[in-house]
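Numbering (the numbering used here), first residue to last: 5 to 364.
Every residue gets a Cβ at the ideal spot worked out from N, C-alpha and C, and that includes glycine.
Structure, rendered in structure tokens:
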């Protein structure tokens, strides 16, 4: 793919066909390399505006739909990169554009499906979860009527993701299983459109990764099933070292080893995953895996390592406004200071943090 700035200077690229291929490419790359995906996605809305609008009502509607999709793709790229506030802003812009023009049923359903995932990832209340699932229901109903299996598989995967975030892991496992089964069945039918084939592969990859996480947290299936899904997903990634999905799988492996009391292997997986997240610059994932690794240090009495990591993790969560997680990191930090320097030093550390001005 050419330099994004060059794309806007070359008028021969300003066509609906190129725009569709460009946005397909961004969706393909954003989980492989979040920062590269975000760089390309930022071009999308401007490129959609520059594409000439065909005459008539249909042309106007298609132009609006392309613009909506460009903002949704950018929102997804921001979300993968851990920039939830920017993502929500793009979701709002997509909604405003959609309100100003009638969209086709499929485009409206696509919008609903994307809106289901908006909002901060650490604030999925029961009410918000119900609202998100309602949006998924509406989108899935449209896809069933249209007999659009690929989009229906994606809706199942999004439902599973929401249930994962809500901690309903047994239900999430079932929906990821449905998404994976449908995506693989459609993939075996070899759809003619390369974009459909790529989208089905993404759905299958996402379903496997999130299913492995759900299984690792749920008592419904054994940990061996999770390792099985992880192994398949790793093979399908073909060793792509710069993949966000790859590092999410390593993190899940660490959780499974921790569950099986294999602390040495869990620590190794957490460290590898953390290095990958740091390289990809995804702040939420860095902070969350750091918290898991810090808890492991606490359990094994690695106080020096814990003090350094917990302090860094606390600062990261404060910057991300993750208050609940920040408290957990602060607790681990204080434990480490107490173990190494005594109760008085731990009290001073806690008092200094609480009295310090918030970075927000």
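- Counted as a single uninterrupted DSSP element, the alpha helix (DSSP H) harbouring residue 49 occupies residues 48-54.
- For residue 309, the closest of 108, 336 and 325 by C-alpha to C-alpha distance is 336.
- Between the alpha carbons of residue 52 and residue 234 lies a gap of roughly 37 Å.
- The three-state secondary structure of residue 35, taken from DSSP, is coil.
- Out of 202, 86, 247 and 154, the CA that lies nearest to the CA of residue 185 is found in 154.
- Under the 10 Å beta carbon count, residue 60 is surrounded by fewer than 16 other beta carbons and is classified as exposed.
- For a cut-off of 8 Å, the C-beta gap from residue 219 to residue 157 is around 19 Å, too long to register as a contact.
- Taking one beta carbon from each stretch, the region 88-106 and the region 134-150 have fewer than 3 pairs nearer than 8 Å; the two do not touch.
- Around the beta carbon of residue 344, a 10 Å sphere encloses fewer than 16 other beta carbons of the protein chains shown; the residue is thus reported as exposed.
- One alpha carbon belongs to residue 334, the other to residue 318, and they sit about 6 Å apart.
- Residue burial annotation: residue 257 is buried, with at least 16 other C-beta atoms found within 10 angstroms of its C-beta.
- Annotated three-state conformation of residue 325 is coil, per DSSP.
- When secondary structure is reduced to three states using DSSP, residue 20 falls in the helix class.
- Where residue 207 is concerned, the enclosing alpha helix (DSSP H) starts and stops at 198-221.
- Contact between residue 41 and residue 84 is confirmed by a C-beta separation of about 7 Å, below the 8 Å threshold.
- For residue 184, the secondary structure class from DSSP, reduced to helix, strand or coil, is helix.
- When the Cα atoms are used, residue 204 and residue 221 turn out to be separated by approximately 26 Å.
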